[in-house]
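Mapping to my numbering: the sequence shown position 17 is 8, numbers consecutive.
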Amino acid sequence: MKESRPILIVEDSDDDYYTTRRVLSALGSFHLDRCSKGTEVLDFLQTSQSPHEERTGPSLLILDLNLPGKKDGRVVLTELKSDLRSRTIPVVVMTTSSSPRDVSECYQRGASGYVVKPLDLDEFAACLKSLVVYWFETVLLPDKETSV
């Protein structure tokens, strides 16, 4: 990877977040941010994409479906894809649910990918590595300045 790329991890479980963070840190240079509640995500994106700040929004968003409160991952995904500022951000749902209904619903709501969290750490690391390679080395993503 040529440059540090921002990734937003939306995960309420501390264990899952720190495991994801540790694996991503071992894979390369990333700026990692976290929201642990669905209600925080759009506020975070609004402040991180301000044209008056040096900070830019994430290049990839990893989203857990089972978030606490009124805004679970499904609601967050719908809001992200409905907002002009965030609709081009690839959203990969990473969750424990392998339900065909959840998979279908997430893609219908605009998810870029759906991954069932593996229980094995090596498998989890391989999964995150393939996501990073795909989203940061294989596909072309729009520039932040031209995507709105």
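All C-beta atoms in this analysis are idealised placements derived from N, C-alpha and C, irrespective of residue type, glycine included.
Which value, in whole angstroms, describes the spacing of the CA atoms of V83 and T129?
Taking the first residue of the sequence shown as 1, we reach residue 83 at position 92. Taking the first residue of the sequence shown as 1, we reach residue 129 at position 138. Taking the straight line joining both Cα atoms gives about 15 Å.
State the CB to CB distance for the pair G104 and K62, rounded to an integer number of angstroms; the pair is presumed to be in contact (CB under 8 Å).
As a working mapping, residue 104 is identified with position 113 in the sequence shown. As a working mapping, residue 62 is identified with position 71 in the sequence shown. That belief does not hold up - the Cβ atoms of G104 and K62 are roughly 21 Å apart, past 8 Å.
Contact check, T11 vs L112 under 8 Å by CB: the rounded distance?
Position 20 of the sequence shown, counting from 1, holds the residue named residue 11. Position 121 of the sequence shown, counting from 1, holds the residue named residue 112. Contact annotation, T11 with L112: C-beta distance approximately 11 Å; criterion of less than 8 Å not satisfied.
Which of the three DSSP states, helix, strand or coil, is assigned to D24?
Within the sequence shown, the letter at position 33 stands for residue 24. Of the three classes helix, strand and coil, the one that applies to D24 here is strand, per DSSP.
Classify S50: buried if its beta carbon has 16 or more other beta carbons within 10 angstroms, exposed otherwise.
Counting from 1 along the sequence shown, the entry for residue 50 is found at position 59. S50 should be labelled buried.
What does the Cβ neighbour count give for P59, buried or exposed, with the cut at 16 atoms within 10 Å?
For this step, residue 59 is matched to residue 68 along the sequence shown. With a threshold of 16 other beta carbon atoms within 10 Å, P59 falls short and is exposed.
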